[in-house]
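Residue numbers (the numbering used here): 1 to 571. Virtual Cβ for every residue (Gly too), placed ideally from N, Cα, C.
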Amino acid sequence: MTNEEVIEILRRIADMLEIKGEDRYRVMAYRRAADNIAHLGRDLSDLWQEGRLREVPGIGEALEKKLDELFRTGRLGYYEDLQEEVPVGVASLMAIPEVGPRTAKLLWERLGLMSVAEVEKAAREGKLRELPGLGARSEQRILEGIEALYRRSTRIPLYVAWPIAQDLVAQLRALPVVEQADAAGSLRRMKETVGDIDLLASSVEPAAVTDAFVKFRRVKEIAAQGPAKATVRLDNGLQVDLMVLEPARFGSLLQHFTGSKAHNIALRERAIKQGLSLSEHGFKRQDGSEILCRSEEEVYQALGLQWIPPELREDRGEIEMAAAGRLPKLVELGDIRGDLHVHTRWSDGAATIEEVANKAQALGYEYLVISDHTKGLGVANGLDEARLREQRREIDRLNDTFDNFRLLQGAEVEIRGDGSLDFPDEVLAELDVVVASIHSGLRQDRETITARMIKAMRNPHVDIIGHPSGRILGQREASLVDLDDVLIEAQKTGTILEIDGIPDRLDLDDVHVRRAVEMGVRLSIDSDAHSLDGLEAMYYGVMTARRGWAEKKHIVNTLPLVELLASLKRP
DNA sequence: GCCGTTTTCGGCCCGACTGTTTTCAGTCG
Numbered sequence: 001m002t003n004e005e006v007i008e009i010l011r012r013i014a015d016m017l018e019i020k021g022e023d024r025y026r027v028m029a030y031r032r033a034a035d036n037i038a039h040l041g042r043d044l045s046d047l048w049q050e051g052r053l054r055e056v057p058g059i060g061e062a063l064e065k066k067l068d069e070l071f072r073t074g075r076l077g078y079y080e081d082l083q084e085e086v087p088v089g090v091a092s093l094m095a096i097p098e099v100g101p102r103t104a105k106l107l108w109e110r111l112g113l114m115s116v117a118e119v120e121k122a123a124r125e126g127k128l129r130e131l132p133g134l135g136a137r138s139e140q141r142i143l144e145g146i147e148a149l150y151r152r153s154t155r156i157p158l159y160v161a162w163p164i165a166q167d168l169v170a171q172l173r174a175l176p177v178v179e180q181a182d183a184a185g186s187l188r189r190m191k192e193t194v195g196d197i198d199l200l201a202s203s204v205e206p207a208a209v210t211d212a213f214v215k216f217r218r219v220k221e222i223a224a225q226g227p228a229k230a231t232v233r234l235d236n237g238l239q240v241d242l243m244v245l246e247p248a249r250f251g252s253l254l255q256h257f258t259g260s261k262a263h264n265i266a267l268r269e270r271a272i273k274q275g276l277s278l279s280e281h282g283f284k285r286q287d288g289s290e291i292l293c294r295s296e297e298e299v300y301q302a303l304g305l306q307w308i309p310p311e312l313r314e315d316r317g318e319i320e321m322a323a324a325g326r327l328p329k330l331v332e333l334g335d336i337r338g339d340l341h342v343h344t345r346w347s348d349g350a351a352t353i354e355e356v357a358n359k360a361q362a363l364g365y366e367y368l369v370i371s372d373h374t375k376g377l378g379v380a381n382g383l384d385e386a387r388l389r390e391q392r393r394e395i396d397r398l399n400d401t402f403d404n405f406r407l408l409q410g411a412e413v414e415i416r417g418d419g420s421l422d423f424p425d426e427v428l429a430e431l432d433v434v435v436a437s438i439h440s441g442l443r444q445d446r447e448t449i450t451a452r453m454i455k456a457m458r459n460p461h462v463d464i465i466g467h468p469s470g471r472i473l474g475q476r477e478a479s480l481v482d483l484d485d486v487l488i489e490a491q492k493t494g495t496i497l498e499i500d501g502i503p504d505r506l507d508l509d510d511v512h513v514r515r516a517v518e519m520g521v522r523l524s525i526d527s528d529a530h531s532l533d534g535l536e537a538m539y540y541g542v543m544t545a546r547r548g549w550a551e552k553k554h555i556v557n558t559l560p561l562v563e564l565l566a567s568l569k570r571p
């Protein structure tokens, strides 16, 4: 039973309980437990075997018992009983925007609807408007919700949403009535994917801002519009929320809209203990008087907390650390001294070695590792021994022309199906840095692919494992490789695990970066560039590292060249 | 359902917008 399967069951139970009208805190408890399992970064079944389920926040006596049954038998009686009362299809209706538990129940009880397609058909036939509490407008909104669901059923990558958000922010800032405008939400927290775009603005005339906003270019549909808030959908189906308040409240607004939801809930619980009520408007004392926060720092200060970087705001321990004044000093782009994984025209890159070297210097790097593909990856024009040695001469020649900058020769070698590499050790020994990656056989079963990666890590020449999970956001799931075992092996062998900055890889992901940091496993942040612009992907890699609580000391390519070379496991 | 600087029981975040309402429930973030 995988984490994903457990999470799905817990979320379905929450939906079913909500439709039944059960206590909302019980519903929330199931969702909270599911979220915390999703952020675990390791197999829940392992924790179960070790008898440590209760260590997961949100898992108490009752859930421990249910999970134990699930892991032992593969089934859960409670869940099966629930399905007698509320079919799973009914719970699935809640995926439709505008349809919550009450409406789902209504559609099921009155019309027997149990799938999105059935709801769509009934809505088109005008049957929904007959139901108590619904009308023609609601019917139309549900139809629009279904269309939005079909158009965009998954979250979109950060790098796709980013330029769209920047364009919208620019349009907001161009409005004369707007004082400040920014993007917040999961975008500001640098999550790898975002579900929507959250914007905020300050103005003494909020209604004028929302009025102008709903007329922005690319806005196709207005889902809601009031004086302080508006929600629209763009031509590509992406939802954008805007919230506007007066400038004196901008700090509270920014804090509120940056989230995450779990972080905000935890902050508000903390506020209550101090006799305060916290919202996007600011703090309210019990006598009704207000504390306004123009800056975000003031919000955290009022709660006795250090300012918390947005990347950490997931309620995964950051509030406790901020209270103790012990937040990590997260790695920054400026800490990066070199890129350890870059391709050139020698294999499948678009630029010459000289061009990427110049770009690296323009980025302020002290060193750059040329790590082209090797012969095992024919489709990428991988290098054989002869071309590798020829490339070395080119690198040596260029190095003679540089001051205060050094090119290193590496390679991204293939981890073959059996865990062997596509170069013998004596060839690997000629390289300054060896990155080893899996590009084929990604669908091997868990044991095989894990053993394969571990075998590569045990090779004394392999310094770095490239993009360990092999996932590509929105296209390819991660391989089944057991990253827990890989982390342990990295600990043993001193192998560095890569955070690949290509924005649809971001591999390791934030959750496993956090595990690596906790375990003391060394990490590198690389661009894996295949073009000059590609080197700038370092930015997304750094953001992922930050979300994983990584500090400068955890990232090997923040080291000066000499120290970096000394720290590699050269035999 | 969980959980403990007041708690092993009684709490558990806060507000905006919409539609169908005549004072508010439902949904969302």
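Could you give the DSSP three-state label for His341: helix, strand or coil?
For the purposes of this step, residue 341 is taken as the residue at position 341 of the first sequence. Strand, per DSSP.
Sufficient close CB pairs (3 or more, under 8 Å) joining the region 364-375 to the region 401-408
yes
Opening and closing residue of the alpha helix (DSSP H) in which Tyr540 lies:
In the first sequence, counting from the first residue as 1, residue 540 sits at position 540. Counting along the chain, the alpha helix (DSSP H) containing Tyr540 begins and ends at 538-547.
Between the alpha carbons of Asp372 and Ala183, how many angstroms are there, rounded?
Reading the first sequence from its first residue, position 372 is the one you call residue 372. Reading the first sequence from its first residue, position 183 is the one you call residue 183. Distance between the alpha carbons of Asp372 and Ala183: 37 Å.
For the alpha helix (DSSP H) that Ile265 lies in, which residues bound it at each end?
Within the first sequence, the letter at position 265 stands for residue 265. Unbroken alpha helix (DSSP H) run through Ile265: 261-273.
Complete runs of the alpha helix (DSSP H) confined to the region 481-517 [at least 4 residues]:
483-493
In whole angstroms, give me the CA-to-CA distance for Arg12 and Ala386.
Sequence index remark: in the first sequence, residue 12 carries index 12 (1-based). Sequence index remark: in the first sequence, residue 386 carries index 386 (1-based). Straight-line Cα distance between these residues: approximately 58 Å.
Taking all protein chains shown into account, do 16 or more other C-beta atoms lie within 10 angstroms of the C-beta of Pro101, making it buried, or fewer, making it exposed?
On the first sequence, residue 101 is found 101 positions in, with the first residue counted as 1. Buried, since its Cβ has 16 or more Cβ neighbours within 10 Å.
Could you check what DSSP says for Phe611 in three-state terms: helix, strand or coil?
A question about residue 611 goes unanswered here, because the residues of the chain that appear run from 1 up to 571.
According to DSSP, is Gly288 part of a helix, a strand, or is it coil?
Taking the first sequence and counting its residues from 1, one reaches residue 288 at position 288. Three-state result, Gly288: coil.
C-beta atoms of Leu523 and Ile555 nearer than 8 Å
Taking the first sequence and counting its residues from 1, one reaches residue 523 at position 523. Taking the first sequence and counting its residues from 1, one reaches residue 555 at position 555. Cβ distance < 8 Å, so Leu523 and Ile555 count as in contact.
In whole angstroms, what is the alpha-carbon distance linking Ala436 and Ile454?
Within the first sequence, residue 436 is the residue found at index 436, counting from 1. Within the first sequence, residue 454 is the residue found at index 454, counting from 1. If I take the Cα positions, the gap works out to 11 Å.
Ala350, DSSP secondary structure in three states:
What you label residue 350 is simply residue 350 of the first sequence in a count that begins at 1. Coil, per DSSP.
How far does the alpha helix (DSSP H) with Met321 in it reach, from first residue to last?
In the first sequence, residue 321 corresponds to position 321, counting from 1. Going by DSSP, Met321 is part of the alpha helix (DSSP H) stretching over 318-323.
Output the distance between the C-alpha atoms of Arg52 and Asp348, rounded to the nearest integer angstrom.
Here residue 52 is taken as the residue at index 52 of the first sequence, counted from 1. Here residue 348 is taken as the residue at index 348 of the first sequence, counted from 1. Rounded to the nearest angstrom, the two C-alpha atoms are 47 Å apart.
With three or more C-beta pairs closer than 8 Å as the rule, is the region 68-82 touching the region 41-57?
Yes, since at least three Cβ pairs between the region 41-57 and the region 68-82 fall closer than 8 Å, the two stretches touch.
Nearest residue (CA-CA) to Thr374, options Leu388, Leu363, Lys284, Gln361
Translated into positions along the first sequence, residue 374 becomes position 374. Comparing Cα positions, the closest option is Leu388.
Given that a residue counts as buried once 16 or more other Cβ atoms are within 10 Å of its Cβ, and exposed if not, what is Gly501?
Your numbering for residue 501 matches position 501 in the first sequence. When all chains shown are included, Gly501 counts as buried.
For Leu508, which of Glu536, Leu473, Asp533 has the nearest alpha-carbon?
Within the first sequence, residue 508 is the residue found at index 508, counting from 1. When each option's Cα is compared against that of Leu508, the closest is Leu473.
Using only the alpha-carbon positions, how far apart do Ala148 and Gly237 sit?
Looking up residue 148 in the first sequence gives position 148. Looking up residue 237 in the first sequence gives position 237. Per the coordinates, the alpha-carbon of Ala148 lies some 6 Å from the alpha-carbon of Gly237.
Rounding to the nearest angstrom, what Cα-Cα distance links Arg546 and Tyr539 in this structure?
Translated into the one-based positions of the first sequence, residue 546 becomes position 546. Translated into the one-based positions of the first sequence, residue 539 becomes position 539. Their Cα atoms are separated by approximately 11 Å.
Taking the alpha carbon of Arg218 as the reference point, which residue from Asp484, Glu269, Tyr78, Ala165 has its own alpha carbon closest?
By one-based count along the first sequence, residue 218 stands at place 218. For the residues Asp484, Glu269, Tyr78, Ala165, the minimum Cα distance to Arg218 belongs to Ala165.
Give the single residue among Gln301, Leu330, Arg294, Leu292 whose Cα lies nearest to the Cα of Pro310.
Locating residue 310 in the first sequence gives position 310, where the first residue counts as 1. The shortest C-alpha separation from Pro310 is found at Leu330.
Name the DSSP bridge partner or partners of Tyr150?
Reading the first sequence from its first residue, position 150 is the one you call residue 150. Partner(s): none; Tyr150 has no beta bridge.
Would the beta-carbon of Lys215 fall within 8 Å of that of Leu234?
On the first sequence, residue 215 is found 215 positions in, with the first residue counted as 1. On the first sequence, residue 234 is found 234 positions in, with the first residue counted as 1. Contact flag unset, no.
Cα-Cα separation, Leu276 to Arg124
If you number the first sequence from 1, residue 276 lands on position 276. If you number the first sequence from 1, residue 124 lands on position 124. Rounded to the nearest angstrom, the two C-alpha atoms are 48 Å apart.
If you pair each beta-carbon of the region 245-261 with each one of the region 282-295, do three or more pairs fall below 8 Å?
In short, these stretches touch, since the Cβ pair count reaches three.
In this structure, how does DSSP classify Gly378 when only helix, strand and coil are distinguished?
Against the first sequence, residue 378 aligns to sequence position 378. Helix at Gly378.
Would you mind giving the Cβ-Cβ distance between Asp241 and Asp198, rounded to the nearest angstrom? I have them listed as a contact below 8 Å.
Along the first sequence, one-based indexing puts residue 241 at 241. Along the first sequence, one-based indexing puts residue 198 at 198. About 5 Å separates the two Cβ atoms, so the contact holds.
Between the CA atoms of Asp196 and Pro212 - distance to the nearest angstrom
Taking the first sequence and counting its residues from 1, one reaches residue 212 at position 212. Taking the first sequence and counting its residues from 1, one reaches residue 196 at position 196. In the sequence as presented, Pro is not what sits at residue 212; that position holds Ala. The straight-line gap from Cα to Cα measures roughly 20 Å.
What's the gap between the Cα of Gly317 and the Cα of Arg514?
Indexing the first sequence from 1 puts residue 317 at position 317. Indexing the first sequence from 1 puts residue 514 at position 514. Going by the C-alpha atoms only, they are around 12 Å apart.
Complete runs of the beta strand (DSSP E) confined to the region 352-422 [at least 3 residues]:
367-370, 406-414
I'd like the ranges of any alpha helix (DSSP H) spanning at least 4 consecutive residues and lying wholly in the region 23-107.
24-38, 44-49, 61-73, 77-85, 88-92
Lys20 by DSSP, collapsed to three states: which one?
Working through the first sequence from its first residue, we reach residue 20 at position 20. Of the three classes helix, strand and coil, the one that applies to Lys20 here is helix, per DSSP.
DSSP three-state assignment for Asp335, whether helix, strand or coil
Residue 335 sits at position 335 when you count from the first residue of the first sequence. If DSSP states are grouped into helix, strand and coil, Asp335 belongs with the helices.
Nearest neighbour of Val27, chosen from Gln286, Leu17, Leu377, Val160 [CA to CA]
Taking the first sequence and counting its residues from 1, the one referred to as residue 27 is at position 27. Comparing Cα positions, the closest option is Leu17.
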